[in-house]
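**Student:**
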Amino acid sequence: MGRALAAPPRAARSWLRRGLRQLLGLALVLVLMAGLGMGVVAWRLAQGAVEITWFDDRLRQGTPVAGGMLRAGRASLAWDGWRNGAAALPAIRLDTVRFDADGAAAPADAVLVHLSLAALLRGELAPALVELHAPRLTLSGVGEGADDLAMPDPAALQPWLAAPDEARRHLALRGLRVRDGQVVLAAVAGRPQISLDGVTLSVQRSGAGLTARGTGVMRLAGSDIPLTLEGTGGRESSTLRARASGIRPALLATVVPALLPLAPLDTTVELETVLTLDAALAPRTAGLTLNAGPGRYAWNDILLPFRGLELRADLHTDGGAVPSATLTLETGEQLQANGRAWRQDREWLAEADLSLPSLDLANLSRLWPERLAPAARVQALRILHAGLLRDATSQLVLRATDSGTRLVALSARLPLQSLRLGPGAGVAVSEGLVRLNGDGVTWRLDELQMRAASPRAGGSPTTLSATGTARREADAWSAGLELALDQVAFNDLPTLWPAELAPAPRWWLTENISAGAIRQGSWRFDLALPDGQPPRLRGMTGRARAVDATVRWLAPIPPVLGVSAEAIFTADSVTLRTEGGRQARADGTPSNIELGPGTMRFLDLGGAQERAELSFQLGGSLPELLGVLRHPRLHLFDRRPLDLTLLDGRHTTQVSIAFPLLADIPNEAIRVRAEGRLTNLRVARALLGRDFENGQAELMVDTERLRLQGTATMLGAPLRLQTEMDFRQGPANGIITRDQVQGLVPAAQLRELGFDLGDVLGGSVAIDGRTERRRNGQATVQLRADLAPATLDLPAARWRKRAGTPGTAEAQLRLQGDNLVAVENGRVDVAGLSLRGRAVVSRGRIERYELTESLFGASRFQGDVRPPAQPGAPWLATLRGPLLDLRPILAERSPDEPATSGDSPPLVVEARFDRVTLGERRDLFGVQGRAVVDERSVMRQGSLRGRTAAAGGVFELEIAPRGPGRTLRIVAEDGGAVLRALDGINAIEGGRLALNGSWASNEPGASLMGQVELDDFTVRGAPAIGKLLQAMTLYGLVEALQGGQGLAFARAEVPFTLTREALSVIDARAFSASLGLTARGQILREAEILDIQGTIVPAYIFNSMLGNLPVLGRLFSPEPGGGVFATTYRVQGPAADPQVQVNPLATLTPGFLRGLFGLGQNGAQPRR
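Right, here's the structure in full:
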């Protein structure tokens, strides 16, 4: 067997050769027959398609192909010649073709399937080329999910990406051609319909893989976008390159969600996309290059112009990345970006990193869109006038959903350099930083820092920092901002404080506070930012300190300099608690008014009427404070000028001012109140032309009234003062001023004030003066005086009031303006003196005092008193009345009563009284008189006429000047009555009286020397004479003297000397037919002690005859009135019970020897 296998037999080999020759012949015949047949078929096909009828029914019913159903109207066989390659055979043509699958529909006018010759020779039908005429592919549901189009198995695709394999009929396909095709992606949520029209496509397989070229026009949302396609493919990967021009990024983003950040770009771009496919023809990566010319970034009505855009992106099925993008701004700056986009939970997310190397803030107005945060834009442009933004960076995240695109997150870091805030020189900020982030609904300012040079030389730099949040709520933004300032100059505050943020306090603070700086300021703001409306402040808290500020508390009043303060802020109020500072003068220099603790409150901010309340303490110079209070802006003394001249004084005053926060504050809307403590007050010409000194007072003044209460001294006298003034409008007779002055004023000070009463007034007087002034200029002054501490002395009236004795005086003065018009309702009640009356005023000066129904002891009188017309002139008094009681004047001085001394005002008195009482049963009637009394209470001149009885007894008294002294003359019809009335001599009745005397000088206490002559009078009830007659046993005369008709005398002649202490009698004599008397000696008036001696001559008419003889008479009667027989006597002791001595021996002794029996007559010599 092995040999058989090794070498077949010869016969077998011959059969094999013969069989091969037969088979070869047969094959040649078959080829010739086939070629002949094919030529016949080709000739026929060249004449037109040959319908294949036996296949029509099956095509119409549908043939399952690739998971779908293929239907055609008819089938035929056609051939285009050899233009499709030598291996191409006649094609099978299907007309009116439609392919339906789940989610896809693809009708076509015709489909030509060119068969492979190699496959056909093997007896197989294999396509070598497929041509589609006017195919229309419609895909629905694409884009709704990640599995919209199921990708084929990569292992199944590998053979198609290799060279054609003729041995395998399903891999023999060499090419695909599409003419006038159309692909339609039906609209889905968030994406419009996409149509690719006029598609021409050619795909060829070769040994190197696939190559493809095509063109078309993409129609998207009414836009026609020309496209060109190129592609290559291999076993491992394939590449597809697409170019488009004139496409808008917003349309592109609807097709490629990964490009959502480009959607707001309003421009046309040139786009080139390179798509890399994997072995399963699934997109692996996509590279996109985008170039755009001038346009603008438009998002939510926000427009940002730019010059150009360059972008490179890498895309894949679930996202993409932008390695680089450059946006050239309108001003030339370049905004650079990179980012990525990805798909997450059926949504697309995109993030980007942005950077801006440099931006000149002077171009901010061109770059910041007007509708992007317009309120913030206005404030930023108002504040930012110059500066640079350096190396700014930002991170952006967007989300795309069915409802649209929204911002997920944005963060930015904005470093600033060389800023100039505000117009003009503005505020120079050396550096700053802004960091913020947000998601479109909530924004957070993570950091805002600015740093500038210190407003004070050598001080710390100015810093501003802020953080905050803003959140979208319905149709408004709600924002919270925390702001910190330190070392900010008040002059820079208008630049840094937005005008819309709390405008009323901002206006007041920026207009009225200058110089100085803000330190350690911190604020928190709660704001509402309604769409299309100004910002609204809902809440605010804050605190700051001010140092060395200049505060103009009410313009145009000069400001307060060097103020330190703490400011507290709330939503509807700003409170400044001030301390320190000095009020400025009109020339801007510091005054002597110091500012103490104070409060400035701005209330009801944001309300219907915002208002300010200022309260602060002032101290220092009172005259300068009065100058401030008199400023016309305060209107305190518009209706009632304050006529006050302050020479000096200190004060501590609390001033309160309230006014509405208006640009133009009406005068009537200002409310001012000042309450102060005044010390060391000196007021010029405050009262009666005299100054107030050492004043201490409490002051209250506002726009309606003024009240002052305190103490002061005037001419050294302490006074209590009170003043009230009404500044309100009212009736003409309304009271506008009430003044009260109280004090204990010494008499010496009253004299300096013009109330000169000489020594009449001593001690002190408690004064209470109350003044009321009315709007019509009328005024009344109610004066009350407590005379208890005063002494009053009227020596001429022998009246004296001691200190401590109660007494009062009062009067009412009426004035017109400052002119005295009248004095009414005058009253004086003191120590038995009661005066009622008024004063008559002429030309502002008291002309006279009119007394009505006045009392002085028992005296009742009325009249008038005129003050001196000039210094040194006498007072003129005219008195009249029913009774004048002179008993106090004529009363003997008590032992403890001091003698009067000193001066009293000179006085001229004219009097007329119905009755004048000089003592018990010592009355004068119908008295009229006039007396001139000098300043020492000496009556220098006078006259008196009257009656000693109601119906008779006329007398006259006259005092007249003579030389250095004066004379006295008295004549009376009833001498006894006059003596009884004038000097209390009750023992003499009747008789005609003639008294003539004189005072050698006008000194007080000067002695009166003169002689009294009395005719036809009667002596009755004289104790001394009665005892004398008893001693002489002249009992008949005694009985006549004591109880009978009296002892009648024909005449008496009494030379006398009268002093205050004694009455001296010098050789007085009196005689009648029954008795004669001589007397010499004295009577002590105050003690009523008698020391009288003389002779008594019984039977005087006969006894005296020898004494009257010429020459010889003196031998019998040595004394005038003596007799031949006379008795000497001596009367000593009290007048009521004297001791009487007589010498009986002298009775029988002739006159020339009577002296030898005298009774010590030397002791009775009168003093001259």
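This note's numbering puts the sequence shown at residues 245 to 1412.
Virtual Cβ for every residue (Gly too), placed ideally from N, Cα, C.
Taking all protein chains shown into account, do 16 or more other C-beta atoms lie within 10 angstroms of the C-beta of Val1160, making it buried, or fewer, making it exposed?
**Tutor:** Per the 10 Å Cβ criterion, buried.
**Student:** Between the stretch 839 to 859 and the stretch 767 to 776, are three or more C-beta pairs nearer than 8 Å?
**Tutor:** No, the stretch 839 to 859 is not in contact with the stretch 767 to 776.
**Student:** Report the three-state DSSP secondary structure of Leu1005 (helix, strand or coil).
**Tutor:** Leu1005 falls in the strand class under three-state DSSP.
**Student:** Any idea what DSSP makes of Met313, helix, strand or coil?
**Tutor:** Reduced to three states, the DSSP call for Met313 is strand.
**Student:** Compute the beta-carbon to beta-carbon distance between Ala1029 and Gly1048, rounded to the nearest angstrom, for a pair I have assumed lies under 8 Å.
**Tutor:** Between Gly1048 and Ala1029 the Cβ distance is about 15 Å, and since that is not below 8 Å, they are no contact.
**Student:** Checking contacts by CB at 9 Å: is Val1084 closer than that to chain B?
**Tutor:** Structure shown: chain B not included; a single protein chain is present.
**Student:** So is Ala992 buried or exposed if we call it buried at 16+ other beta carbons inside 10 Å?
**Tutor:** Result: exposed.
**Student:** What number of angstroms, rounded off, separates the C-alpha of Glu755 from the C-alpha of Phe903?
**Tutor:** Each residue's Cα considered, the two are about 15 Å apart.
**Student:** Count Cβ pairs between the stretch 816 to 823 and the stretch 719 to 733 that sit closer than 8 Å; are there 3 or more?
**Tutor:** In short, these stretches do not touch, since the Cβ pair count stays below three.
**Student:** I'd like the span of the beta strand (DSSP E) that includes Gly712, first residue to last.
**Tutor:** Here the beta strand (DSSP E) through Gly712 covers 706 to 717.
**Student:** Name the DSSP beta bridge partners of Phe834, please?
**Tutor:** The sequence as given places Pro at residue 834; Phe does not occur at that position. Partner(s): Ala828.
**Student:** Output the boundary residues of the alpha helix (DSSP H) element that contains Ala1292.
**Tutor:** Per DSSP, Ala1292 belongs to no alpha helix (DSSP H); it is in the beta strand (DSSP E), 1291 to 1302.
**Student:** Hey, how far is the Cα of Leu925 from the Cα of Thr955?
**Tutor:** Computed Cα separation, rounded: 9 Å.
**Student:** Distance check for Pro436 and Thr498, CA to CA, integer angstroms please.
**Tutor:** Their Cα atoms are separated by approximately 7 Å.
**Student:** Determine whether the beta carbon atoms of Gly564 and Val500 lie at a separation below 9 Å.
**Tutor:** Against a cut-off of 9 Å, the Cβ pair of Val500 and Gly564 comes out as a contact.
**Student:** Can you find the residues in the same chain that come closer than 7 Å, C-beta to C-beta, to Arg921, ignoring five residues on each side of it along the sequence?
**Tutor:** So the list reads His895, Thr896, Glu942, once near-sequence residues are dropped.
**Student:** Can you pull the DSSP bridge partners for Glu614?
**Tutor:** According to DSSP, Glu614 bridges with nothing at all.
**Student:** Could you tell me whether the stretch 625 to 635 touches the stretch 648 to 655, where touching means 3 or more Cβ pairs closer than 8 Å?
**Tutor:** With a cut-off of 8 Å, the stretch 648 to 655 and the stretch 625 to 635 do not count as touching, because too few Cβ pairs lie within range.
**Student:** Per DSSP, Asn681 forms a beta bridge with which residues?
**Tutor:** Per DSSP, Ser655, Arg688.
**Student:** Please state whether DSSP places Val1182 in a helix, a strand or coil.
**Tutor:** In the structure shown, Val1182 sits in coil (DSSP, three-state: anything other than H, G, I, E or B).
**Student:** Please check the pair Ala1121 and Leu1151, which I expect to be a contact at CB under 8 Å, by giving their CB distance rounded to whole angstroms.
**Tutor:** Confirmed, about 6 Å.
**Student:** Quick check: Leu573 and Leu548, are their CB atoms within less than 9 Å of each other?
**Tutor:** In contact: Leu573 and Leu548 (Cβ atoms closer than 9 Å).
**Student:** If you drop the 5 nearest sequence neighbours on each side, which residues of the same chain put their C-beta closer than 6 Å to that of Val468?
**Tutor:** The sequence given here has Asp at residue 468, not Val. Excluding positions up to five away in sequence, the list reads Val461.
**Student:** Under 8 Å: do the stretch 437 to 445 and the stretch 479 to 491 share three or more Cβ pairs, one atom per stretch?
**Tutor:** No, because fewer than three Cβ pairs between the stretch 437 to 445 and the stretch 479 to 491 fall closer than 8 Å, the two stretches do not touch.
**Student:** If you draw a straight line from the alpha carbon of Leu1353 to that of Arg1374, how long is it in whole angstroms?
**Tutor:** Because Leu1353 sits at a pLDDT of 45, beneath the cut-off of 50, its placement in the model cannot be relied upon, and the point is left open.
**Student:** Helix, strand or coil: which one does DSSP assign to Phe238?
**Tutor:** Residue 238 lies beyond the range of the chain shown here (245 to 1412); nothing can be said about it.
**Student:** Which of helix, strand or coil does DSSP assign to Trp797?
**Tutor:** Note: Trp797 maps to coil in three-state DSSP.
**Student:** Using the DSSP secondary-structure output, state which residues sit across from Val1177 in a beta bridge.
**Tutor:** Note: Val1177 sits in a beta bridge opposite Leu1151, Met1183.
**Student:** Express the C-alpha separation of Phe1293 and Pro1111 in angstroms, rounding to a whole number.
**Tutor:** About 50 Å.
**Student:** Which residue wins for smallest C-alpha separation from Thr1322, given the options Ser1316, Ala1312, Ala1231?
**Tutor:** Considering only alpha carbons, the answer is Ala1312.
**Student:** Between the stretch 1253 to 1264 and the stretch 1229 to 1239, are three or more C-beta pairs nearer than 8 Å?
**Tutor:** Because the criterion of three Cβ pairs below 8 Å is met, the stretch 1253 to 1264 and the stretch 1229 to 1239 touch.
**Student:** Go through the stretch 1165 to 1246 residue by residue and report every complete run of the alpha helix (DSSP H) that reaches 4 residues or more, in order.
**Tutor:** Listed in chain order, the complete alpha helix (DSSP H) runs (minimum 4 residues) inside the stretch 1165 to 1246 are 1219 to 1227.
**Student:** Quickly, what does DSSP pair Asn535 with across the bridge? List them, please.
**Tutor:** Asn535 pairs with Glu514, Glu554.
**Student:** Could you check if Gln777 is buried or exposed, using at least 16 other CB atoms within 10 Å of its CB as the buried criterion?
**Tutor:** The residue in question, Gln777, is exposed, as its Cβ has fewer than 16 Cβ neighbours within 10 Å.
**Student:** Rounded to the nearest angstrom, what separates Val1084 and Ala1221 at their Cα positions?
**Tutor:** Their Cα atoms are separated by approximately 41 Å.
**Student:** Kindly indicate which three-state DSSP category Pro778 falls into: helix, strand or coil?
**Tutor:** Three-state DSSP puts Pro778 in coil, outside helix and strand.
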